[in-house]
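Here the structure comes first, spelled out in structure tokens, and everything after it is commentary.
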Amino acid sequence: MWARKPYNCERCGSDFVSCTALKHHFQQKHLGKVHCEKCGQEVLREKLQDHSKSIHDRSTMETHKLNWENLEERNIKNMATKISQTCRMCSRHFGTILSRENHEIQEHHFTASKRAQMSTGFSPHNMLECKGPQELQRFADKKIHPASGSQHAACVAEVGALLQLIQGCFPVPASRVIQGGSYVKGTDTQGRSEIDIVLLSDLFANVNPCKKQLREGLEALRENLKRTSHGNRILMGKRTPLSLRFNFLCTESLHSHSFEIMAYYDVLGPTPSTDLKLHLYRKLHLCNDSDEAQLCALALLPYQVDFVKASVSRVKELIRLMMHWFKTSFASTTEENKFRRLPSSYTVELLTIYIWERAEKPLFFSLVQGMRAVLKLLVRYAEIDVVWHRHYHRKFPIFVKVYQKHTRPFILDPVNPTINVCDTCNAWDEVAHVARRSLLKPLFSRVRAEPPWLFTNDW
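If you count the sequence shown from 1, position 309 lands on 309 in full-length UniProt numbering, and the numbers rise without skipping.
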């Protein structure tokens, strides 16, 4: 643990090497400020009433509910990939998807009518009620796109400062830090901003004892962060064996970021050879320890980020629309179907990129046409069969073995030939039902496929 320095600020807990430095800090950061009794944030005394009206008179409970929902989604993000074979009602695991579906019908009476009732939940003022491309664009600019201008700059500064704080609070020095998530990829929205942080250290190179060290390190990080000046803006999630998850309230733009922090050793290094990557693929394919496989796969995070970031800005706009569609079109889970899992954000990103590539990668296109194409493909989810060969070739033995045994829907991770990202969802039938209903909404009324989306006429 870090030794405590002698001059400590009683307001925020920051440490200083001299009394003069402490006084300067107090004058710059705390003088004339008081703590808000509702959120603990420091504000100028004369601004306290305005602060309370602008922040706490809004729907505070809804904000915190959203934060916890985001954390719950993160909690299942890195679980075993065969969620597709897990019952959405009782979590019992089956050998095949068909066996799982038969079980749900026979044991839980999950009929078509019940599926329709439990899946659809269009929110009021849904974007699907927009009447045409212009209205959709205005809706996206107002409700979906993240902050821009000075608010974006302030957000970048806050996140950057927190990243430095995380590294300083972690009890083990990191040789390298890699980042991922929608915030880093440029696909974040106003209501969903994910930041993945991986702290790499050679001290975790020995897998067997390292799991205990990882848990201890992440627990120390958890407690250290809570004691910092940012602690009152961090909402911690449930404890998990391999990661630390929390939401961070960004004060300047009044939104939050969902953080997930993991740690391991640098399996590949910053510039790995092709042979080293192929060796990692073989290790992942043969690994029977799901925890070890998950930790080793962290080395591929930068390549996942690069794959999505390489898309043109219009594709990222379409991704945001699809993320918002998933957020606002489905009924919330209940106690009865609490094990339902919708596709991960990474799956949605890859699916959207695939549709764009099918349209021959236009730089500019109608978002209505693009969204319509994605929804039509989701209706036909059992036909989804997507593979990229940028990181592994068609004759690579592991790819051949995985593809020979694959079942649809199938989207092979473009940087990891051992993972079908569609396996993280056990409710593709519900996705298809909601997509079918969505295509009947005003946004798509009397819309027909136009070039370069004519291939959707076959759907």
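Ideal Cβ positions, reconstructed from N, Cα and C, are used throughout, including at glycine.
Inset, instruction - Let me know the secondary structure DSSP gives Glu158 once reduced to three states. - result: Counting from one through the sequence shown, the residue named residue 158 turns up at place 158. The three-state reading of DSSP puts Glu158 in helix, counting H, G and I together.
Inset, instruction - Assuming Leu286 contacts His230 (C-beta within less than 8 Å), just tell me the rounded distance between them. - result: In the sequence shown, the residue the question calls residue 286 occupies position 286. In the sequence shown, the residue the question calls residue 230 occupies position 230. Actually they are not in contact, since the Cβ atoms of Leu286 and His230 sit about 42 Å apart, beyond 8 Å.
Inset, instruction - Ignore the nearest five residues each way along the sequence and tell me which others in Leu375's own chain have a CB closer than 6 Å to its CB. - result: Sequence index remark: in the sequence shown, residue 375 carries index 375 (1-based). Cβ within range, chain order: Ala435, Ser438 and Leu439.
Inset, instruction - Grab me the residues of Asn337's own chain with a C-beta within less than 7 Å of its C-beta, minus the 5 sequence neighbours each way, in chain order. - result: Residue mapping note: residue 337 aligns to position 337 of the sequence shown, counting from 1. Arg88, Met89 and Met118, listed in sequence order.
Legend entry - Own chain partners of Thr418 with C-beta closer than 7 Å, once the 5 adjacent residues on each side are dropped: What you label residue 418 is simply residue 418 of the sequence shown in a count that begins at 1. So the qualifying residues of the chain are Tyr281, Leu284, His285, Ile398 and Val402.
Legend entry - Residue from Arg227, Thr240, Asp196 and Asp458 with nearest C-alpha to Leu214: For this step, residue 214 is matched to residue 214 along the sequence shown. Here the closest residue by C-alpha is Thr240.
Legend entry - Start and end residues, beta strand (DSSP E) containing Asp196: For the purposes of this step, residue 196 is taken as residue 196 along the sequence shown, with counting starting at 1. DSSP places Asp196 inside the beta strand (DSSP E), whose first and last residues are Glu194 to Leu200.
Inset, instruction - Compare the C-alpha of Gln151 against each of Cys250, Lys185, Cys425 and Ile195 and name the closest. - result: Position 151 of the sequence shown holds residue 151. Out of Cys250, Lys185, Cys425 and Ile195, Cys250 has the C-alpha closest to the C-alpha of Gln151.
Legend entry - Simplified DSSP state of Glu450, which is helix, strand or coil: Counting from 1 along the sequence shown, the entry for residue 450 is found at position 450. In the structure shown, Glu450 falls within a coil segment according to DSSP collapsed to helix, strand and coil.
Legend entry - Separation of Phe326 from Glu194, as counted between CA atoms: On the sequence shown, position 194 is the one that residue 194 refers to. On the sequence shown, position 326 is the one that residue 326 refers to. Taking the straight line joining both Cα atoms gives about 16 Å.
Inset, instruction - Identify the continuous alpha helix (DSSP H) that holds Ser438 and give its terminal residues. - result: As a working note, residue 438 is residue 438 in the sequence shown. Its alpha helix (DSSP H) spans residues Trp428 to Ser438.
Legend entry - Separation of Pro173 from Leu342, as counted between CA atoms: For this step, residue 342 is matched to residue 342 along the sequence shown. For this step, residue 173 is matched to residue 173 along the sequence shown. Approximately 37 Å, taken between the alpha carbons.
Inset, instruction - Would you mind stating whether Leu318 and Leu363 have Cβ atoms separated by less than 7 Å? - result: In the sequence shown, counting from the first residue as 1, residue 318 sits at position 318. In the sequence shown, counting from the first residue as 1, residue 363 sits at position 363. It is not a contact, given that the beta carbons lie outside the stated cut-off.
Legend entry - Sheet register partners of Ile234 (DSSP bridge): As a first step, residue 234 is located in the sequence shown; it is residue number 234 there, counting from the start. Phe248, per the DSSP bridge assignment.
Inset, instruction - Can you give me the Cβ contacts of Val421 inside the same chain, cut-off strictly under 7 Å, excluding the 5 residues immediately before and after it? - result: Numbered from its first residue, the sequence shown carries residue 421 at position 421. Closer than 7 Å at Cβ, skipping near neighbours: Ser344, Tyr346, Thr347, Leu350, Ile411 and Asp413.
Legend entry - Per DSSP, the bridge partner or partners of Asp385: In the sequence shown, the residue the question calls residue 385 occupies position 385. According to DSSP, Asp385 bridges with Phe410.
Legend entry - According to DSSP, residues forming a beta bridge with Leu44: As a working mapping, residue 44 is identified with position 44 in the sequence shown. Note: Leu44 sits in a beta bridge opposite Lys33.
Legend entry - Sheet register partners of Met262 (DSSP bridge): The residue you call residue 262 lines up with position 262 of the sequence shown. Answer is Val198.
Legend entry - 7 Å Cβ shell around Thr189 - same chain, five flanking residues per side excluded: The count along the sequence shown starts at 1 and reaches residue 189 at position 189. Ile144, Pro146, Arg320, Met323 and His324.
Inset, instruction - Write down every uninterrupted run of the alpha helix (DSSP H) in the stretch 94-118 whose length is 4 residues or greater and which is fully enclosed by it, in chain order. - result: 97-108
Inset, instruction - Go ahead and label Ile105 buried or exposed: buried means 16 or more other beta carbons lie within 10 angstroms of its beta carbon, across all protein chains shown. - result: The count along the sequence shown starts at 1 and reaches residue 105 at position 105. By the neighbour-count rule (16 or more Cβ atoms within 10 Å), Ile105 is not buried but exposed.
Legend entry - Ser175 in three-state terms, based on DSSP: Your numbering for residue 175 matches position 175 in the sequence shown. Ser175: coil per DSSP, three-state reduction.
Legend entry - Within 7 Å, strictly: CB atoms of Ser243 and Glu219: Here residue 243 refers to the residue found at position 243 of the sequence shown. Here residue 219 refers to the residue found at position 219 of the sequence shown. Not in contact: Ser243 and Glu219 (Cβ atoms no closer than 7 Å).
Inset, instruction - Report the residue from Ala373, Leu443, His406 and Arg390 whose alpha carbon sits nearest the alpha carbon of Glu450. - result: Along the sequence shown, read from residue 1 onward, the residue named residue 450 stands at position 450. Looking at the Cα atoms, Ala373 is the closest of the given residues.
Inset, instruction - Tell me whether Ser256 sits in a helix, a strand or coil according to DSSP, three-state version. - result: Here residue 256 refers to the residue found at position 256 of the sequence shown. It is a strand residue.
Inset, instruction - Would you give the residue range spanned by the alpha helix (DSSP H) that Ser290 belongs to? - result: By 1-based counting over the sequence shown, the position of residue 290 is 290. First-last of the alpha helix (DSSP H) with Ser290: Ser290 to Ala297.
Inset, instruction - With DSSP as the reference, please indicate the residues paired to Thr120 in a beta bridge. - result: As a position in the sequence shown, residue 120 is number 120, starting the count at 1. Phe330, per the DSSP bridge assignment.
Legend entry - Neighbour-count burial assignment, Trp459, 16 or more Cβ in a 10 Å radius: The sequence position of residue 459 within the sequence shown is 459, counting from 1. Trp459 is exposed by the Cβ-count criterion.
Legend entry - Counterpart residues of Gly180 in DSSP-defined beta bridges: Residue 180 sits at position 180 when you count from the first residue of the sequence shown. Paired residues: Asp196.
Legend entry - Three-state secondary structure assigned by DSSP to Thr352: Indexing the sequence shown from 1 puts residue 352 at position 352. The answer is helix: DSSP assigns Thr352 an H, G or I state.
Inset, instruction - Can you have a look at Thr456 and say buried or exposed, based on whether 16 or more other CB atoms are within 10 angstroms of its CB? - result: Numbered from its first residue, the sequence shown carries residue 456 at position 456. Classification for Thr456: buried.
Legend entry - Leu301 - containing alpha helix (DSSP H), residue span: Counting from 1 along the sequence shown, the entry for residue 301 is found at position 301. Element bounds for Leu301: Leu301 to Lys309.
Inset, instruction - Could you spell out the range, first to last residue, of the alpha helix (DSSP H) harbouring Thr274? - result: Position 274 of the sequence shown holds residue 274. Element bounds for Thr274: Thr274 to Leu286.
Inset, instruction - Determine the DSSP secondary structure at Thr60, reduced to helix, strand or coil. - result: Taking the first residue of the sequence shown as position 1, residue 60 is located at position 60. Interpretation of Thr60 is limited by its pLDDT of 41, a score under 50 that renders its predicted location unreliable; no figure is taken from the coordinates.
Inset, instruction - On a CA-only basis, which of Leu221, Ile178 and Thr111 is nearest Pro270? Give me that one, please. - result: Here the question's residue 270 lines up with position 270 in the sequence shown. Among Leu221, Ile178 and Thr111, the Cα nearest to that of Pro270 is on Ile178.
Legend entry - Beta carbon of Leu298 nearer than 7 Å to that of Val198: In the sequence shown, counting from the first residue as 1, residue 298 sits at position 298. In the sequence shown, counting from the first residue as 1, residue 198 sits at position 198. In this structure, Val198 lies closer than 7 Å to Leu298 by Cβ.
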